[in-house]
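J.: Numbering (my numbering), first residue to last: 30 to 114. Beta carbons: idealized from backbone N, C-alpha and C, even for Gly. No experiment lies behind these values; they were computed from the predicted model shown.
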Amino acid sequence: MDVLSDAQIAALNLAKVGIRIENEKYIRAHPELDGIIRAFVTGVLKDRPTNVTAYAYRFFQQDVVTLTAAIDATSHSAPAESSKS
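Okay, here's the thing in structure tokens:
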């Protein structure tokens, strides 16, 4: 079994941190991703498809108007936080 040296582990961890930072920058630069992901997950949980991969394919093949409507519907249905008194 090959084992990484301490230097290799440190380099790998540093690379992983760099990738996470770049991913976070991209996600922050594209806030529409949150709505798209929310609409997709909401649809999966509502429809409970047997084949999630096929469902994902169909979901993302929708025309822009239909997809935008799904995104808008989920952004307005976020659960409100209840205030505890």
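1. If you reduce the DSSP assignment to three classes, tell me which class Asn80 lands in.
2. Using a 10 Å radius around the Cβ and a threshold of 16 neighbouring Cβ atoms, would you call Ile38 buried or exposed?
3. Using a 10 Å radius around the Cβ and a threshold of 16 neighbouring Cβ atoms, would you call Ala44 buried or exposed?
T.: In short:
1. Coil.
2. So Ile38 ends up on the exposed side.
3. exposed
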